[in-house]
Amino acid sequence: MNPTLAKAVHFALMANAATAGLSTFSVFAAENETNFERIEVTGSRIIREGAMAPTPVTVITGDELLSTGVTNIGEALNQLPALGSTFSLANSGRFIGISGLNLLDLRSMGTDRTLVLVNGKRHVASSAGTASVDINTIPSVWVDKVEVITGGASAIYGADAVTGVVNFILKKDIEGLDVSATKGWADDNPHAKDRLSLSYGTHFGQERGNAAFAVEYSAQNQLEAFDRDQTSTSFTSFKNTHRPIGPDGKPIDSNHPTDPDKYYTPNSGPFVISNAGTFFLDGWKTFNADGSLRDVYSGPNVDGINCVDCDYLNINQFVELQPEFKRYNINFKSDYQFNDSINAYFEAKYVNSQSTNERQPALFFGKVSDPLKNNDIKIDNAFISPELIALMKANKDAKGNPAPLETLNIHRFMTDLGQRIEDDNRETQRYVMGLEGLVFEDWDYDVYGIYGQTDLERVNKNNLVLANYQHALDSITVDGNAVCRDENARAAGCVALDIFGFGKPSQAAIDYVNTTSTGNSVIKQTVFGGSVTNSALFELPAGAVGFSTGVEYRKEESEIFEPTNAQGTFFNVLGEDKGAFDVKEVFAEMSLPLLTDLPMIRQLDMEFAVRFADYSTIGNATTWKTGLNWQVNDELRVRSTYSEAIRAPNISELYGATSQNFIKVNDSCKTQYLNDLNNPGVRKANCAALGIPADFNSDYDSLRIEGVGSGNRDLDPEESSSYTIGFAYQPSLIDGLSITTDYWDIAIDNAISSVSAQNIIDRCVDSTSGINNEYCALLTRNPTTHEISSIKLSSLNIAALEAAGIDFDVGYHFEALKGDFRTNLIATRLLKRKNYSFQDDPDDFEELAGTLGYAKWQANWSLNYAIEQWSANWRTRFIEGVSLYTDKELALNANPSSNLEYDDYFISDISIAYAFDSGVTLKLGVDNLFDSDLPYGTTGTSAGAAVYDNVGRFFHTTASFKF
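Here the sequence shown is numbered in numbering that gives the first Met the number 0, starting from 0 and rising by one per residue.
This is how it looks when you write it as structure tokens:
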């Protein structure tokens, strides 16, 4: 036997196995029936008696997912403890081209590492260059249940399942009419949601066939931060100025959390930039609406460019809490049983989703080397006031000598030119055709073909054309009219632009300086496959041997078309990614009964699975899985799995063209960061070697810095190993109680990652060998200002990830108060979540467990009560308090801020429903019943903070009819 495989089998035997983790009622309910049902369970293709899942699985029904005011199941799934809120509607506007996407991130280890299936089959991706599936494309009206499997499942389903699988099981044999309408509205803001669905199915051909269609519409309107009092407040970090002065004349830092370096302060922000325009000339000044001047009031509390309770710019005016979103989903399915051996099936869908995201407008701040990106006005500008001309002429230098100005640099958010708007319109179509049935008496077969395609049209509005802007800005007066100075630009339609005050630009000038840029992308997926399964290949003394084998061919294609008119604009310069790959796979799985009907062993089974793949990109790859399933007695089942899986690089990681991005970093050579190192002398020496003065402390990094990224065709696959162990217990003394507990551990090596921009900066200046290293070569600094102007980023197999935790699932079903009670607790204890930026340095890692987005404890508790035609439901979600800094960061600096953590978070939902005899059901509900506030200072729009509700108390009502 292969030594590694033997080791895994030995581990499984010693561990005595792991639990199903299956939603607990289904595990034993099937076992207690006299007639067992043959069920295919996620994580295995072998048909089994009862729901004896070979791996930890959490099962959520479609009705449970839509029990609250959510209008799509992706939002509901992201509230499960096992799934991170990396991409939800609340934070989908963080990057270009992803607005409206709802992607699943199992164990918060990356959306590309979670495989999404529909009825156990692949689904076309929704984001170009990736394998990520937008859950908005799933027909929620047809979802029977969702199975979430933890651990590597590549041996069963192929690449990408390195952290697990989310499988959407759709309803079969749909019969009758099902109509539903939901309306929801927020308590303290204008946010609202709507959902309409219609499903109809019927049997035909003497009950041999079934055909059904479903139409679904859902929508929500935009919600801005300024629409809520809680999120309209602007926060900024201010230096602690209350420390005692030491003998050296410097403030004494106690390095204690009660004495923070900075105070996270409300009602604050930058005062050196504004929507009207701000400049420094005999003090900071800005413009009134009529173009006249006034001094900027900065108040007594100033830190660099920021002030408190003053004339500051509230950046939250540009924050969008929820995008405007619409979704149209049309589905058709049919199957026909020709005979006992042949059942033909066909599925088709069309989904159109439309999302609008508003971003910050173009802005100008300070002097830069590119003249197109400077906001300089000349003294003879057509719109300049005599008051400003006099100030420019009266200017003096630092020594008090006359130094009249010919030009003046104005810091300005160009809000009155229009906020940048992105409209993302996605169309997804998918077709599945196949035959399934029985051959050779006891072999089940399934052969199928799949084609899917996603088309995205991305329209970016109010995109500032820099050359046009400079021509329009540089105006003069001719014959009493304001015109552009450049005659050629004037002949080409240039319109003079007035920026001396908010709202001053004319519509004609706005139209001249702005453009609309349209990009497109297309994703195609083609799959052909087939499998045969025999659940009783032959008999052993302990039972029947199950076996399954099959083949699959898959081709993935992706291409992005960027607009030609985006060059020379405020919009990011993006590359046109184009690539494709195919993979041929063969797989097999076996269930082997070992022992039965012995003391302490009702049944003991061993399971094996292996998959061989041939990729056109990375070559051959082998993945495998083994496990034990031990039924101790009627009450207790123990089981364990071990698997090794891979993730092949996706198209964007391999073929990504050079693209521009803007990154938030801290320049480690600034005086305030020079000592943030165990040996600060190294950083100081290297910064000096780069020519940076010791008193360098520019605020330029308060804004984002240009980054340039690209793919890498030499990438290898990621490799993961995972194991699970646990138990499922249903005590006979307490009827209706079931408990499952699972320990899981996932490790990923050769993780595909680009070295973070901050890591590049730090490793450049913290290298003990000096500045002649590979990281300094990735940085470009302005030779005059010493500021970083560009950072190069690229995908590499350099990182590693680890995660481990324990899942708990406790369910109790009992009768009381003349009705039925069902209560369920699903919880996860995260034990570790480590990121190794460089896998060859195992001592250098970030422990994320307990930080934002990685709470150590998360839980969902629900209680349902039904009596006659009434039903009521209560659900509470808990997220343990988190730190905003990792232990590694706090080891270097224990008191960086007054805002070190978010407190424990509880949010409760309630609903009540009545089912009339006519088939009509009415439901009323309230989400976030107690109007739980967001954690202090957040808007709930970042990758980690989106787990917190940013809408507030939300009422909803649903009327449905079934016939």
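We put the beta carbon where it would ideally sit given N, CA and C, even for glycine. Just so we're clear, the structure is a prediction, and the values are computed from it rather than from any experiment.
Around the beta carbon of Thr767, fewer than 16 other beta carbons sit within 10 angstroms, so the residue counts as exposed. Counting other Cβ atoms within 10 Å of its Cβ, Thr201 stays below 16 and is therefore classed as exposed. Secondary structure remark: continuous beta strand (DSSP E) runs of at least 3 residues inside the stretch 705 to 771, in chain order: 717 to 728, 736 to 753. Cβ-Cβ distances below 6 Å link Asp172 to Asn209 in the same chain, with the five nearest sequence neighbours on each side left out; the list follows chain order. Taking the Cβ atoms as the reference, Tyr728 lies roughly 5 Å from Leu635, within the contact range of under 8 Å.
DSSP places Ile378 outside both helix and strand once states are collapsed to three, so it counts as coil. Per DSSP, reduced to three states, the secondary structure at Ala191 is strand. Note that the C-beta distance between Leu883 and Asn898 is below 8 Å.
Residues of the same chain with a CB within less than 6 Å of the CB of Ser709, apart from the 5 flanking positions on each side, are Gly655, Thr657, Ser793 in chain order.
Judged by pairs of C-beta atoms under 8 Å, the stretch 789 to 806 touches the stretch 706 to 724, as three or more such pairs exist. In terms of Cα proximity to Glu773, the closest of Val123, Asn749, Asn758, Gln221 is Asn758.
Here Gln602 has Thr595, Gln630 as same chain residues with Cβ atoms under 6 Å from its own Cβ, once five neighbours each way along the sequence are excluded. Gly208 is bridged by DSSP to Phe203, Tyr335. Secondary structure at Gln321: strand, using DSSP grouped into helix, strand and coil. Rounded to whole angstroms, the gap between the alpha carbons of Thr621 and Arg646 is 11 Å. Between the stretch 712 to 727 and the stretch 686 to 700, the count of C-beta pairs closer than 8 Å stays below three; the two stretches do not touch. Rounded to whole angstroms, the gap between the alpha carbons of Ser43 and Ile155 is 7 Å. Taking the CA atoms as reference points, Asn487 sits about 16 Å from Leu465. Between the stretch 119 to 127 and the stretch 443 to 459, the count of C-beta pairs closer than 8 Å reaches three or more; the two stretches touch. Going by C-alpha positions, Phe546 is about 51 Å away from Leu933. Scanning its chain for C-beta atoms nearer than 8 Å, with the 5 sequence neighbours on each side dropped, one finds around Phe661 the residues Asn571, Arg703, Ile704, Glu705, Gly706, in chain order.
In this structure, the CA atom of Ile388 is about 25 Å from the CA atom of Val512.
Under the 8 Å Cβ criterion, the stretch 391 to 408 does not count as touching the stretch 326 to 335, having fewer than three qualifying pairs. DSSP places Ser340 outside both helix and strand once states are collapsed to three, so it counts as coil. Under the Cβ criterion (8 Å, minimum of three pairs), the stretch 291 to 301 counts as touching the stretch 263 to 283. In the structure shown, Arg419 falls within a coil segment according to DSSP collapsed to helix, strand and coil.
With respect to the C-alpha of Ile148, the residue from Leu64, Leu176, Thr85, Val164 having the closest C-alpha is Val164. When secondary structure is reduced to three states using DSSP, Pro250 falls in the strand class. Judged by DSSP secondary structure, Pro592 falls within the beta strand (DSSP E) whose first and last residues are 577 to 597.
If you draw a straight line from the Cα of Ala152 to the Cα of Leu714, it is about 22 Å long. Between Ser66 and Asn872, the gap from beta carbon to beta carbon is short of 8 Å.
Non-local C-beta neighbours of Thr113 in its own chain, meaning closer than 7 Å and more than five positions away in sequence, comprise Leu103, Asp104, Leu105, Thr162, Gly163, Val165, ordered along the chain. Distance from Gly68 to Phe953 at the Cβ level is roughly 5 Å; contact confirmed, criterion being Cβ atoms closer than 8 Å. Linking Val809 to Leu824 through their CA atoms gives a straight-line distance of about 5 Å. Residues of the same chain with a CB within less than 8 Å of the CB of Ile866, apart from the 5 flanking positions on each side, are Leu816, Lys817, Gly818, Asp819 in chain order. Secondary structure of Asn949 (DSSP, three-state): coil.
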